[in-house]
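Numbers 320 to 433, taken from this note's numbering, label the letters of the sequence shown in order.
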Amino acid sequence: MAYRLKKLSEYVRGWMGYFGISDYYRPIPELDHWLRRRIRLCYWKQWRGVRNRIRQLLALGSSKRAAIWTGMSSKSYWHLSRSLGTQTGMTNDWLKGQGLISIRDQWMKAHGYA
């Protein structure tokens, strides 16, 4: 995951260098949300097995009930990447600590808002 996040940050910085001059803000939050959801999906796939998923979510601070319900669910990876258990465990701050950069923050920086 570290390599994936490193390459992704390079790509996002390059993308913002090219498209960041645009003043059109509307798709930026949607792209940012989609990217975080996709990273959560990658972590979820990486944590194979019900026990490991529940253990990982509990270690990240999800409630026991949410971790068990999410870990035992047979829903698709994409569906579970937006569930309560994964979003309370893999918070935006945690993802930022893992090395994920925000498209929204990059856009704000390029336009002098932050």
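Think of the CB as a built atom: it goes at the ideal place given N, C-alpha and C, for glycine as much as any other residue.
The structure presented is a predicted model; accordingly, all values stated were derived computationally and were not measured.
For this session: Spatial neighbours of A385 within its chain, please: CB distance less than 7 Å, with the 5 preceding and 5 following residues excluded, ordered by chain position.
Result: L403, G404 and T407
Exercise. Can you list, in chain order, the residues of its chain whose CB lies under 7 Å from that of S392, leaving out five sequence neighbours each side?
Worked result: L399
Exercise. Would you call the CB atoms of L324 and G431 closer than 8 Å?
Worked result: no
For this session: Run through the region 351-410 for me and flag every whole alpha helix (DSSP H) of 4 or more residues, listed as ranges in chain order.
Result: 369-379, 383-391, 396-399 and 403-408
Exercise. According to the neighbour-count rule (16 or more other Cβ atoms, all chains shown, within 10 Å of its Cβ), is Q375 buried or exposed?
Worked result: buried
Problem set entry | Between the CA atoms of W426 and M335 - distance to the nearest angstrom | 7 Å
Problem set entry | Cα-Cα separation, M409 to R359 | 7 Å
Exercise. So, helix, strand or coil for D342, using DSSP?
Worked result: coil
For this session: Sort S382, W397, K364 and L327 by Cα distance to S421 and report the nearest one.
Result: L327
Exercise. Using the C-alpha atoms, what's the distance from Y362 back to I373?
Worked result: 13 Å
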